[in-house]
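Residue numbers (full-length UniProt numbering), protein chains in the order written: chain A, 1 to 324; chain B, 1 to 324; chain C, 1 to 324; chain D, 1 to 324.
Virtual Cβ for every residue (Gly too), placed ideally from N, Cα, C.
Remember, it's a predicted structure, so these values are computed and weren't measured experimentally.
These notes are about the structure you will find just below.
There are 4 protein chains.
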Amino acid sequence: MSFELPKLAFLLPRNAEYVGQWHTVPIGLSRQFQAQAESRLFLIDAALLAGRLPRRGRFGHKGTYGHALLLLGSRGKIGAAVLATQACLRSGVGLLTVRTPAVGYDILQTSAPEAMALTDPAADFLSELPELTPYSAIGMGPGIDKADSTKVVLEQLLRTAQVPLVLDADALNLLGANPDLLALLPPDSILTPHPKEFERLSGSARDDYHRLELLREFCHKHRCYTVLKGAHTCLGTPTGELYFNTTGNPGMATGGSGDVLTGLLTALRAQHLSALDAALLGIYAHGRAGDLAARHTGEVGLIAGDLTRFIGPTLQELTTPDAF
Amino acid sequence: MSFELPKLAFLLPRNAEYVGQWHTVPIGLSRQFQAQAESRLFLIDAALLAGRLPRRGRFGHKGTYGHALLLLGSRGKIGAAVLATQACLRSGVGLLTVRTPAVGYDILQTSAPEAMALTDPAADFLSELPELTPYSAIGMGPGIDKADSTKVVLEQLLRTAQVPLVLDADALNLLGANPDLLALLPPDSILTPHPKEFERLSGSARDDYHRLELLREFCHKHRCYTVLKGAHTCLGTPTGELYFNTTGNPGMATGGSGDVLTGLLTALRAQHLSALDAALLGIYAHGRAGDLAARHTGEVGLIAGDLTRFIGPTLQELTTPDAF
Amino acid sequence: MSFELPKLAFLLPRNAEYVGQWHTVPIGLSRQFQAQAESRLFLIDAALLAGRLPRRGRFGHKGTYGHALLLLGSRGKIGAAVLATQACLRSGVGLLTVRTPAVGYDILQTSAPEAMALTDPAADFLSELPELTPYSAIGMGPGIDKADSTKVVLEQLLRTAQVPLVLDADALNLLGANPDLLALLPPDSILTPHPKEFERLSGSARDDYHRLELLREFCHKHRCYTVLKGAHTCLGTPTGELYFNTTGNPGMATGGSGDVLTGLLTALRAQHLSALDAALLGIYAHGRAGDLAARHTGEVGLIAGDLTRFIGPTLQELTTPDAF
Amino acid sequence: MSFELPKLAFLLPRNAEYVGQWHTVPIGLSRQFQAQAESRLFLIDAALLAGRLPRRGRFGHKGTYGHALLLLGSRGKIGAAVLATQACLRSGVGLLTVRTPAVGYDILQTSAPEAMALTDPAADFLSELPELTPYSAIGMGPGIDKADSTKVVLEQLLRTAQVPLVLDADALNLLGANPDLLALLPPDSILTPHPKEFERLSGSARDDYHRLELLREFCHKHRCYTVLKGAHTCLGTPTGELYFNTTGNPGMATGGSGDVLTGLLTALRAQHLSALDAALLGIYAHGRAGDLAARHTGEVGLIAGDLTRFIGPTLQELTTPDAF
């Protein structure tokens with residue numbers, strides 16, 4: 001039990017067996033007081049997100065909501081591409097083009113007819129970066145491989161992209177294995193590692209607290225936003241704040257869950273949200289969609305594809321009703 | 001706030017930031033009076049549509065409801081073909097044959113088993129017009145490309161078609177780039193451009209009002225019905241009337257939304273509705289399906305495939321109950 | 001308005017415009033009296049079907065419910081194969097094997113994983129009859145073509161099949177074009193023509209009454225059950241009875257609706273129901289599924305694939321509750 | 001009618017026509033008394049399962065819930081692979097890799113994007129065992145064939161697997177035809193034969209009682225758990241207990257039902273449940289999912305794919321609520 005807010009210790013995996021189920025007890029502190037309190041630790045809850053997702057204007061058209069590009073998939077992991085694609089479509093993007101190796105063509109067009117498929121000339125792995133002019137944000141990672149040709153695509157992307165990036169999965173592992181690539185990372189990129197992927201980027205953490213220190217340092221050094229995925233997903237920012245998520249459940253610990261998050265974040269970035277707003281909204285909505293899905297499937301029965309069905313209602317809840 | 005009916009100015013994008021949310025206030029004008037008032041501007045609402053969609057007769061069979069042909073798709077945009085196909089099926093057509101390049105075969109037959117697939121001999125683009133005898137209406141555009149071979153297909157279509165046409169997307173862009181083709185347009189065709197596509201056909205508009213003038217001129221000159229897509233989609237007719245739609249929401253500003261409209265309109269034309277009735281019903285039903293879908297998905301989460309699920313209930317609402 | 005039962009004239013298409021909506025008025029005739037009245041005209045309603053569909057026994061296994069074979073599809077019409085397959089699966093068959101040309105392989109296995117696919121060596125048309133030993137009933141027709149090779153398959157089927165047959169679509173057109181094949185028809189086969197297909201088999205009808213005479217003669221001569229599809233689908237039997245259906249709606253006048261019926265009938269025959277019981281139950285359940293579907297989609301929006309969702313609940317209603 | 005518990009005789013197929021519908025009548029025996037009574041016959045009901053499925057811990061991640069490998073499918077039976085895959089995903093596994101012949105690649109990735117596909121180099125049959133290091137449990141059987149190359153894969157699997165195995169369908173038939181393979185069976189494997197498959201393993205049974213004796217002997221000799229599928233599926237254990245299931249219905253007597261069970265059991269084993277707990281939970285949940293599905297589809301209309309939708313809610317019911 002804790003006054004007003006949880007202690008940081010409650011949110012860390014290593015304390016799981018000592019903490020159990022916790023509750024906060026209001027003691028009458030005003031929200032305003034809390035907001036003024038000097039802290040670099042925040043909870044991502046509905047109050048924090050108020051006003052960050054504007055309502056769509058009456059006269060918006062496809063172009064208003066951006067054109068995302070997703071670089072996804074390799075032989076055997078086209079499913080990850082499908083999940084990221086469907087999640088991106090469900091997150092309000094105006095247009096979506098998906099780049100997969102040729103092996104993914106029929107699968108993508110059957111599973112996500114709303115997306116355009118710009119197939120790579122190589123059959124099994126990404127091998128060429130397409131022309132980037134049309135796009136307002138680019139996501140790369142779900143289902144790709146660490147093939148040499150894919151590393152080249154990533155390097156070209158980092159060198160030439162003029163729009164926001166979201167990087168996940170083997171795009172992160174390629175960065176971890178090639179620190180020279182990491183140096184090319186454009187500012188305000190969003191990275192979404194799980195703890196092992198993060199340690200390949202940052203070096204080993206001695207414990208959960210040290211991992212948070214490493215997260216702060218990494219975000220500062222690379223001027224990026226890093227989503228450290230876990231039970232209480234933690235967003236690190238270039239300026240040193242840490243934001244801990246309050247939504248989600250252990251049913252989401254299942255293959256493809258992260259691919260959905262990548263699609264979601266890329267869509268929000270493509271709609272011209274700031275990296276901070278996109279990351280906060282995306283992390284929260286992803287967990288909340290999982291909570292809504294689990295009401296239907298149970299935690300055990302939850303699969304990643306279920307999440308995409310509930311992204312829409314979740315983003316609707318978060319939309320500021322009175323904005324134009 | 002406006003008496004009885006909105007002002008035209010409320011419906012135009014350039015006034016968006018000054019107008020905000022508007023309401024009409026009844027002041028006791030009789031519907032009959034309004035009907036007699038001389039105006040060439042109309043709202044597309046349920047009252048206007050009463051009686052335009054007859055109920056199906058008890059003894060109707062597949063042949064009664066027409067056989068539509070859709071010319072759709074190119075490599076990477078077979079999804080547009082899927083969406084137009086599914087929408088056409090949901091709009092009451094008796095039979096549907098879909099022509100796509102060969103790359104679309106498996107995708108179409110998996111996604112829309114109710115449609116027959118008459119695959120083009122070319123792999124990636126439309127290259128040959130099929131024999132047109134069986135069909136009662138033909139739609140062309142969603143997902144096609146501006147390839148030379150496709151231009152030839154369009155030209156052959158315009159020269160030989162004896163049944164109603166619906167043209168969209170790159171079929172319109174090909175018309176815009178080849179004014180000689182535009183001269184071949186059969187009377188009573190329906191065109192469905194968004195504003196940029198329209199300006200490729202009509203020349204640049206100075207402002208929203210000028211665009212409406214251009215719309216009137218274009219429809220008159222080419223004896224066609226033009227659906228200028230937008231927040232208040234506007235139908236222009238050969239005789240100079242403009243009809244503004246009252247359904248729809250900004251969640252529909254998403255890739256594939258227009259493909260759905262093309263399928264819907266082609267189905268209505270195949271069922272022997274007049275161009276005017278088909279256009280009015282199709283525009284309204286498309287927006288209304290979007291409004292019903294958004295109740296489930298939210299506006300942000302809406303994708304084009306959602307629209308097809310709600311076309312049926314919408315057309316049911318519009319069906320005249322007492323017709324034979 | 002009619003006493004107790006409709007007049008035959010109410011059920012015939014040519015009287016449609018004179019009859020309109022009709023109702024029956026009970027005048028106290030006992031059901032028993034009606035049953036004893038000498039008539040060869042019957043209505044297919046719930047009362048007629050009571051007791052014809054036994055409840056599944058507790059210890060039944062896959063083998064108890066038969067193994068159906070469906071011969072389906074050709075290039076461009078694999079969708080018809082999908083619809084017949086899904087309907088057959090939903091109608092209680094223990095096992096289902098589907099024979100399509102090779103072009104249908106991926107489509108079928110993606111759309112109906114519960115069915116086994118025994119692909120024909122030819123790419124586009126059926127060309128070889130598989131070994132028939134495992135099967136308890138066989139359906140042929142939806143989506144096939146009139147190719148010479150397919151005619152040979154049909155002929156081999158008629159010559160060698162030892163189990164009940166259901167024939168539809170181009171299987172019927174092949175019979176109509178090759179009267180020598182018709183002579184091979186095994187007794188108790190079920191044929192499911194629409195009026196045009198029927199006239200290719202029976203010769204032209206002068207009017208609706210004459211068509212019913214031709215139906216009686218045809219069923220008698222070929223010792224078969226013929227389902228003459230229409231608003232009031234009429235089943236003719238070898239012994240001269242005519243059964244008129246009371247379920248269904250004009251939304252079912254859409255491509256693929258008949259394919260669903262073929263799957264349904266083949267499944268019931270595979271489960272060892274008599275030709276009469278299978279035909280009566282299948283006709284009624286098909287129409288009833290359409291009525292249930294139309295409550296969700298509206299009549300205009302109904303597509304054939306919707307029917308399969310409601311076959312199960314319909315057959316459940318018809319199951320005799322107290323049988324073992 | 002029986003006091004407290006059914007007699008064994010009620011549960012055997014050969015008595016079906018004499019037993020009919022039975023009920024138990026409580027006579028006040030305490031549950032504790034029953035638990036202490038010396039018996040090697042048990043009913044699988046909710047009480048027996050209490051505490052066997054722990055709730056997911058807050059900080060679990062994908063790795064916590066295991067990585068399953070499924071060896072599935074052959075040309076024409078990729079549908080069986082799809083069903084086992086979808087069921088495995090719905091049963092809480094952290095990650096799933098599926099090995100099918102190459103013919104199954106597109107089908108699997110379209111139907112189950114959450115699974116990774118590790119395609120066999122052979123087109124039509126399994127021919128090579130992949131490297132087994134990543135996996136925490138392995139299932140083999142649904143949709144495979146008795147091809148020589150597949151027999152070799154099975155033999156390699158039995159010789160090298162260090163993790164729990166689940167074997168079904170033609171994997172069992174290969175064991176039955178090759179008793180030398182049976183001798184390689186790792187202890188605590190789960191086998192899921194139907195009665196005919198079982199007799200190929202154990203020799204012929206004279207009657208239902210003898211079959212249960214053979215089941216006890218077989219499980220003892222091979223130190224395995226054998227799920228003898230039927231109306232009252234019976235689990236035999238290495239130590240001689242027999243557990244009879246109380247869920248399920250005859251609508252589940254349909255192709256693919258067993259494939260779903262294999263996926264379910266493999267997922268539970270991959271999550272580090274004991275063979276006994278996995279078998280008991282899997283058998284019960286499979287039948288219960290069928291009971292829930294039949295409420296929507298009716299027994300006749302039930303198909304195997306329906307079961308997967310209800311596995312999640314069923315496992316949720318069985319989850320121990322107060323575990324960490």
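Going by C-alpha to C-alpha distance, which of the options sits closest to residue i?
i, options, result
"Leu95/D", "Leu72/D, Ala68/D and Ala87/D", "Ala68/D"
"Thr246/A", "Leu108/A, Tyr284/A and His220/A", "Tyr284/A"
"Ile303/B", "His194/B, Thr254/B and Leu48/B", "Thr254/B"
"Leu174/B", "Ser127/B, Leu48/B, Gly141/B and Leu165/B", "Gly141/B"
"Val163/C", "Thr266/C, Pro179/C, Gly79/C and Ser2/C", "Thr266/C"
"Leu261/B", "Ile78/B, Leu11/B and Leu280/B", "Leu280/B"
"Leu228/D", "Gly258/D, Pro250/D and Arg206/D", "Gly258/D"
"Pro26/A", "Pro6/A, Pro13/A, Ile44/A and Ser39/A", "Pro6/A"
"Thr24/C", "Ala177/C, Ser2/C and Ala16/C", "Ser2/C"
"Thr308/C", "Leu89/C, Ala46/C, Ser30/C and Tyr18/C", "Leu89/C"
"Asp277/D", "Gly248/D, Ile190/D, His220/D and Ala205/D", "Ile190/D"
"Asp168/A", "Gln156/A, Gly203/A, Tyr105/A and Phe198/A", "Phe198/A"
"Gly176/A", "Ala161/A, Arg159/A, Leu292/A and Glu155/A", "Glu155/A"
"Leu182/A", "Pro134/A, Phe244/A, Cys224/A and Ala294/A", "Cys224/A"
"Leu157/C", "Ala147/C, Ala171/C, Asp145/C and Leu11/C", "Ala171/C"
"Phe10/D", "Val166/D, Glu299/D and Phe244/D", "Phe244/D"
"Leu318/B", "Gly256/B, Val153/B, Gly282/B and Val19/B", "Gly282/B"
To the nearest angstrom, report how far apart residue i and residue j are at their CA atoms.
i, j, result
"Leu242/A", "Val103/C", "55 Å"
"Phe310/D", "Thr233/D", "19 Å"
"His222/C", "Met252/C", "29 Å"
"Ala122/B", "Pro54/C", "53 Å"
"Thr85/C", "Gly263/C", "6 Å"
"residue 326/D", "Gly79/A", "No answer is possible for residue 326/D: the residues shown for chain D start at 1 and end at 324."
"Asp322/A", "Leu315/D", "Its pLDDT being 49, under 50, Asp322/A is placed unreliably by the model, and the measurement read from it follows with that caveat. Approximately 42 Å, taken between the alpha carbons."
"Phe59/C", "Gly143/C", "36 Å"
"Ser39/C", "Gly240/C", "10 Å"
"Ile107/D", "Gly305/D", "15 Å"
Since residue i contacts residue j with CB under 8 Å, what's their CB separation in whole angstroms?
i, j, result
"Thr119/B", "Thr100/B", "6 Å"
"Ala87/D", "Val98/D", "Not really, about 12 Å apart at Cβ, beyond 8 Å."
"Ala137/D", "Arg56/D", "Between Arg56/D and Ala137/D the Cβ distance is about 17 Å, and since that is not below 8 Å, they are no contact."
"Gly236/B", "Phe218/B", "7 Å"
"Thr110/C", "Thr297/D", "The Cβ separation is near 21 Å, so there is no contact."
"Leu41/C", "Leu8/C", "6 Å"
"Gly301/C", "Pro313/B", "7 Å"
"Pro238/C", "His220/C", "6 Å"
Just the chain F side, please: which residues come within less than 8 Å of residue i by C-beta, in chain order?
i, result
"Phe59/D", "The structure shown has no chain F; the protein chains it does contain are A, B, C and D."
request  = Assess, as a yes-or-no matter, whether the stretch 208-215 of chain D is touched by the stretch 182-191 of chain D under the definition of 3 or more beta carbon pairs within less than 8 Å.
outcome  = no
request  = Could you tell me whether the stretch 280-295 of chain D touches the stretch 69-77 of chain C, using the rule of 3 or more Cβ pairs below 8 Å?
outcome  = no
query = Does the stretch 82-95 of chain A touch the stretch 53-69 of chain A, meaning 3 or more C-beta pairs lie closer than 8 Å?
reply = yes
query = Any residues in the stretch 297-314 of chain C with a beta carbon nearer than 8 Å to a beta carbon of chain B? Which ones, in chain order?
reply = The stretch 297-314 of chain C vs chain B, Cβ under 8 Å: Thr297, Gly298, Glu299, Val300, Gly301, Leu302, Ile303, Ala304 and Gly305.
query = Listed in chain order, which residues of the stretch 106-124 of chain C have Cβ atoms closer than 8 Å to some Cβ of chain B?
reply = Asp106, Ile107, Thr110 and Ser111
request  = Compile a chain-ordered list of the residues in the stretch 82-93 of chain D whose CB is closer than 8 Å to at least one CB of chain A.
outcome  = Leu89, Arg90, Ser91, Gly92 and Val93
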